[in-house]
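*Asks:*
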Amino acid sequence: MASVTESEGTGLGGATRRQIQRVRDFADDTEPAALVTVTVMAIALLAAFVGFLLVSSLTIVPFAVFLLAAGYGWLRHQGPTAQVLTLTMTVSTLLILGLIIVFIFIEAVPVIRYESATVFGVSVPGLRMFIETRWDAVSDPVRYSMVPMIHGTLLVTVIATAVAAPLGVAAALFLSEIAPATVRELVKPGVEILAGIPSIVYGFIGFTVLAPWASDQFDLTGQGTYLFVGVVVGLMALPTVVSVAEDALSSVPESMKSGSLAMGTTDWQTMTSITLPAAFSGVSAAVLLGVGRAIGETMAATVMLRGVPRLTDPLVNVFYGQETLTSLIARNYGEADGLQMDALFAAGVILFITVLVISIGSQYIEWRMRRTLGGEV
Amino acid sequence: MSDDSERVSDRVSRRKFLMTSGLVGAAGLAGCSGQSGGDGGSSGDGGDGGSDDTATPTEAEASGDGGSGNGGSSTSLLTAEGSSTVYPISNKGSSYWNSNAPPSDGEYWGSNSEGSVPGWSEIETDMLLADYFAQQFGFEPTEQRSSPPFPTTVGLSHSGTGCQAVVDGLVDIGNSSGPITAELDWSEEKANNTVVDHVVGRDGQPVVVSNDVIDAGIDQLTGEQVRAIFQGEVGNWSELDGIDYDQEIFVIGRAEGSGTDTAFRLNMLGDADAPMEVDTRQGQNQQVAQLVSQNEGAIAYMALAFTSESVIPIAIDFEGTVYEPSKDAENTIFDSAYPLNRDLHMYTLIEEGNPGGGGTGPREAAFLNMFLTTFGQVVFVEQNNYIPLPTKDIQAEKEKLSDLMA
C-alpha cells in the first residue's frame, strides 16, 4: 500500500530513478570484497533459476555456489549478505507466484481452445465454457462448461456469508464491547481453536450426520445440498471473521468511546454510532476474509456434494448440491486425463481470478474506509 | 494502561491456544493421510491394457532363473509375472507362501486364542502354511517357518507380457486379466493345446441397492431396467414394470472417466462412451457403500467386499438368465458370464515333462491350489476387493489339478 502511494506521488520514472540511486548508494557504501560476494550470490542464484527452468541436471552446481557464497558472506560480511538474502526471499516469493500463474494458465489453454464459440462470425476461445451448461467428459458431445461449478461456488459462498457475517460480527461486538474480561479471555482462544479443526472433520460430520438428516427432512432424492455445505462452510469461516473483527473493534481508541459516552449516549449507541463505523474497514476485511475462505474451501464441499456438474432447477434451489470449482478439482484430479485435466486447470484459473478480485476488492474497501472514516486499524 | 497489560496476557494465552489447535490440526492431517486403502481392486483396468507381444530381454533375465525347470518335484523358485490386476492376488499369495506361517500364528495361518484365518474349519491341520499345501502334491514339509518347500516370486508387468513370458518359458505362471486368446491373438484351439487356464478369481462390480429397496420386495432387476436407471430414463422405482414402490431412485455412479466407470458403461450400457445420468458420483468404494447405507432408494455398483446388511447385491436378469447373489445358485453374480465380471487368469504352460499330460507341474499346482480353498478365496481374492469364485467353479478348477495330487 505504502509503495503504491509513494509511486503515485512521484510517478513511475521518479521511482525507477530512485531505485537506481539506492542500488548505487549500496554499491558505494559496501566494501569491494563484500560486493563481490553478494554479486557472486546473485549471479549464482540467477544461473540456478535458469537451470531450473531448463530442467538441467547441473542446476545443483550454481545453487551450491550460491549456498557457499551465502555461507561465506554470512561469516565475513553479515550486513550486506543479509540485505541481499532478504531481497532474494522476497523476489523468490513473487517469482513462485508468477510461475504458478503462468503454469495454470498454460495448462488451461487446450480446453480454452476446445471450448471456442463463434459470436458474430468471430471465434472466441473459451466462450462456450460460459454460455453452455453441459459438463460431460465422456459421452458425446464432450463439453466442459464451467457454469454449473460457478453457480455452485456462488450459492455456497452466498449462504456461507449469510451465516458467517452476522454471527461473526455480532460475536466480535459482544466479545470486544460487552463481555466481561474473564469471558473474553476464555472465549476468544476457544473461537480460535474452532479455526484449528481440520475441514475434513466438518465435512465428515456433514456427510454422515447433516446430509442424511436433510435428505430425510426435506424429502430429497439422496443427499448433498448447497444449503448445508454453505452452512458448514460458514461455520468454518466463523472463527476467522470473529477473530479479525474483534481485533478491529478493540483497536478503536478508548478516547473515542469515552468521548461519546461523556456526551450522554448509551453503550449501545456508542457501539452503533462510534465503534462499528470506526472499525468498519477492519470488520469488512474480516467478512471478506471469511468469504475468501468459503470460496476456497475444498474438503468439506467435496465430501458433501454430489459430484455431478449440472445446474439445479430452479437456479435458486439450494436443496440439491452438485459441484463447486474446488470440489471439481479435488474429486477428479486422480482420474482425469487429456482435455478433462486441462478443464480442471481452467477451473483453477477461474478460482484464481475470483480470489484475486476479492483480495484487491478488500484492499480497496479498506483503503476507502480508512480515508472516509479514519479509524485506526 | 491497565488495558494494555491485559492485551498482552491475552496474546500469551492466545498463542498457547493456537499451538494446541495446531497440534490438533496435525493430528487430523495424520488421520487423513491414512485413507486410500481398499480401492485397489475397483479400478480394474489399472495398467494391464497393453498387449505387448514380446517380453523384453531385461524381463527375461530378471525372471528367467528357475523358470520352466519343473521336471518332477523340483524345489526351485516358482516364478510368476503379468497383469497389475491379478498382481495383488498373486503377490499376497506368494507373500503368505514364503513366510510359511505356523498354525499357531492365528493371523496369517491357523488359529489361536485371538482368532483364526477364514475357512480354517475346512483345513484344521498342524502343518505350516506352505508345507500343508505343498505336501498335497508330494513335497517334503520343511517344518520351518520362513522356509517353504519351494520359494515363490511374482513380477509385475502387463497381461500380454505375462502371457508371452509363460509361453516362452521365462516364468512358471503368467498372470493375465484378459483371456490369452485376446492378449496374444490366438485361436481357442492353440490356447487349449499350449497353456492351461487357471481362473483364481474375478474382477467385477455387482449392482447393489439400499435395504429399503430390498424391503419393498425388489430383489431382482433386468439388465434393461438397470440400463434405464443409469441413463436417467426412469426416476422412480414405481416406474419400473412390476414394481410397486413409490420412492425416487438415488443413482450413484463412479468418478467420471475412471476405470470402473468406463467398464460399467462398456459392459452394462453397451459402449465406453455411452451417456449416463446419475445423481452423484463417488471416487471410492467406501463412499459408495456409505451413501447406499444412509439413503433411501439408492442403487450403485461397487466392489463386492463392501457389501453389508444395508448394502445388498441384487439378482440381475440378463436376457432370460437370472444371476443370483448367492454363491451356490446355478447362475450367480460371481459367474464369468455375468456381464460386469471378467476372469482373472493364471496361465501355466503345457510341457512334456509334466505328468499325466496335464499342463501344470506339481509346484504350480501346489501354489494354485492354495487359491482354490475358502481360505485362499477370502484372504487373497475377496480381501483385495475382487470377486471370489462360486462353488461350482472352484470344483472345476480343482479338477484340473487333481491328477497331480499325491
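Chains as they are written, first to last, in this note's numbering: chain A, 791 to 1167; chain B, 130 to 535. We treat Cβ as the ideally placed atom computed from N, Cα and C, and that holds for glycine. Keep in mind that this is a model prediction, so the values were computed, not measured.
Less than 8 Å separating the beta-carbons of A332 of chain B and S306 of chain B?
*Replies:* Correcting the residue identity first, residue 332 of chain B is Asp in this sequence and not Ala. Yes, the Cβ-Cβ distance between D332 of chain B and S306 of chain B is below 8 Å.
*Asks:* Could you say if the region 943-957 of chain A and the region 1107-1116 of chain A meet the contact criterion of at least three C-beta pairs nearer than 8 Å?
*Replies:* Yes, since at least three Cβ pairs between the region 943-957 of chain A and the region 1107-1116 of chain A fall closer than 8 Å, the two stretches touch.
*Asks:* In this structure, how does DSSP classify G596 of chain B when only helix, strand and coil are distinguished?
*Replies:* Not covered by the structure: residue 596 of chain B. The range shown for chain B is 130 to 535.
*Asks:* For V874 of chain A, count neighbouring C-beta atoms within 10 Å of its own C-beta (all shown protein chains included) and say buried if the count is 16 or more, exposed if not.
*Replies:* Counting Cβ neighbours within 10 Å, V874 of chain A comes out buried, since at least 16 surround it.
*Asks:* In chain B, what lies closer than 8 Å to R1096 of chain A by C-beta?
*Replies:* Going along chain B in sequence order, the residues near R1096 of chain A (Cβ under 8 Å) are D408, T409 and R410.
*Asks:* Counting along the chain, where does the alpha helix (DSSP H) carrying I1085 of chain A start and finish?
*Replies:* F1070 to G1086 is the span of the alpha helix (DSSP H), which, as asked, contains I1085 of chain A.
*Asks:* Rounded to the nearest angstrom, how far is the Cβ of L1101 of chain A from that of I1119 of chain A, given a contact under 8 Å?
*Replies:* Contact flag wrong, Cβ pair sits at about 19 Å.
*Asks:* Touch check for the region 237-247 of chain B and the region 311-320 of chain B: three-plus C-beta pairs under 8 Å?
*Replies:* No, they do not touch.
*Asks:* In angstroms, rounded to a whole number, what distance separates the CA positions of A962 of chain A and I347 of chain B?
*Replies:* One C-alpha to the other measures close to 55 Å.
*Asks:* Would you mind giving the Cβ-Cβ distance between S339 of chain B and S439 of chain B, rounded to the nearest angstrom? I have them listed as a contact below 8 Å.
*Replies:* Going by Cβ atoms, the distance from S339 of chain B to S439 of chain B rounds to 7 Å, so yes, they are a contact pair.
*Asks:* Which residues in chain B have a C-beta closer than 9 Å to the C-beta of V851 of chain A? List them in chain order.
*Replies:* Correct list: empty, because the minimum Cβ distance to chain B is about 33 Å.
*Asks:* Determine, using beta carbons only, whether A1076 of chain A and V1034 of chain A come nearer to each other than 8 Å.
*Replies:* Contact: yes.
*Asks:* Below 7 Å on C-beta distance, what does A1126 of chain A contact in chain B?
*Replies:* Result: G386.
*Asks:* Could you round the C-beta distance between V1170 of chain A and L1025 of chain A to whole angstroms and report it? I think they count as a contact, below 8 Å.
*Replies:* Within the shown structure, residues of chain A are numbered from 791 to 1167, placing residue 1170 of chain A beyond reach of any answer.
*Asks:* Could you check which residue in A:G1086, A:L1095 and A:W925 has the C-alpha nearest to that of G1138 of chain A?
*Replies:* Checking every option, the nearest Cα to that of G1138 of chain A belongs to A:G1086.
*Asks:* Helix, strand or coil for T185 of chain B, going by three-state DSSP, please let me know.
*Replies:* Note that T185 of chain B scores a pLDDT of 42, beneath 50, so its modelled location is shaky and nothing firm can be said.
*Asks:* So for S913 of chain A, helix, strand or coil by DSSP?
*Replies:* Three-state DSSP puts S913 of chain A in a strand.
*Asks:* Measure from the alpha carbon of D1127 of chain A to the alpha carbon of each residue in A:E975, A:V928 and A:R1083, then state which is nearest.
*Replies:* Among A:E975, A:V928 and A:R1083, the Cα nearest to that of D1127 of chain A is on A:V928.
*Asks:* Taking the alpha carbon of I1150 of chain A as the point to measure from, which residue in A:D1103, A:V1093, A:G1082 and A:D1132 has its own alpha carbon closest?
*Replies:* Cα-wise, what sits closest to I1150 of chain A is A:G1082.
*Asks:* Where do the ends of the alpha helix (DSSP H) carrying Q265 of chain B lie?
*Replies:* Counting along the chain, Q265 of chain B falls outside any alpha helix (DSSP H), and DSSP gives it neither H nor E.
*Asks:* Going residue by residue through the region 307-362 of chain B, where are the continuous alpha helix (DSSP H) segments of at least 4 residues, counting only ones entirely within it?
*Replies:* Taking only runs of at least 4 residues, the alpha helix (DSSP H) segments lying wholly in the region 307-362 of chain B are 309-312, 317-323, 340-344 and 352-359.
*Asks:* Using a Cβ-Cβ cut-off of 8 Å, state whether A466 of chain B counts as contacting chain A.
*Replies:* Answer no: the Cβ-Cβ gap between A466 of chain B and chain A never drops below 8 Å.
*Asks:* I need the straight-line Cα distance from S1045 of chain A to T1062 of chain A, nearest angstrom please.
*Replies:* Whole-angstrom Cα-Cα distance: 16 Å.
*Asks:* Give the straight-line distance between the Cα atoms of L473 of chain B and F504 of chain B, rounded to the nearest whole angstrom.
*Replies:* Going from the Cα of L473 of chain B to the Cα of F504 of chain B covers about 18 Å.
*Asks:* For Q1013 of chain A, which residues in chain B fall below 9 Å Cβ to Cβ?
*Replies:* Near Q1013 of chain A (Cβ distances below 9 Å), the residues of chain B are F379, T409, L420, Q423 and N424.
*Asks:* If distances are taken between C-alpha atoms only, which option among B:E528, B:N414 and B:P404 comes closest to R356 of chain B?
*Replies:* Nearest option by C-alpha distance: B:P404.
*Asks:* Check each residue of the region 914-928 of chain A: if its Cβ is closer than 8 Å to any Cβ of chain B, include it; give the result in chain order.
*Replies:* Answer in chain order: D926, A927 and V928.
*Asks:* For T461 of chain B, which residues from the same chain have a beta carbon less than 8 Å from its beta carbon, with the 5 sequence-adjacent residues on both sides left out?
*Replies:* Cβ within range, chain order: Y452, E453, P454, S455, Y467 and P519.
*Asks:* For chain B, check one thing: does any of its Cβ atoms lie closer than 8 Å to the Cβ of T1130 of chain A?
*Replies:* Note that residue 1130 of chain A is Gln in the sequence shown, not Thr. Yes, Q1130 of chain A lies at the interface with chain B (some Cβ there is under 8 Å from its Cβ).
*Asks:* Residues of chain A with CB closer than 9 Å to the CB of D344 of chain B, please, in chain order.
*Replies:* Near D344 of chain B there are no residues of chain A at all, since even the closest Cβ is about 16 Å away, more than 9 Å.
*Asks:* Assuming contact is defined by CB atoms lying nearer than 8 Å, are I302 of chain B and Y476 of chain B in contact in what I supplied?
*Replies:* Yes.
*Asks:* Is there a C-beta anywhere in chain B that falls below 8 Å from the one on R1121 of chain A?
*Replies:* Interface residue, yes.
*Asks:* Measuring straight from C-alpha to C-alpha, what distance separates V329 of chain B and N414 of chain B?
*Replies:* So the two alpha carbons sit approximately 22 Å from each other.
*Asks:* List the endpoints of the continuous alpha helix (DSSP H) containing D1009 of chain A.
*Replies:* Looking at the DSSP string, D1009 of chain A is not in any alpha helix (DSSP H), and its letter there is neither H nor E.
*Asks:* With 8 Å as the threshold, decide whether the Cβ of D930 of chain A is near any Cβ in chain B.
*Replies:* Output row for D930 of chain A: interface = yes.
*Asks:* Quick one: Cα of T271 of chain B to Cα of P277 of chain B, how far?
*Replies:* Cα to Cα, T271 of chain B sits roughly 6 Å from P277 of chain B.
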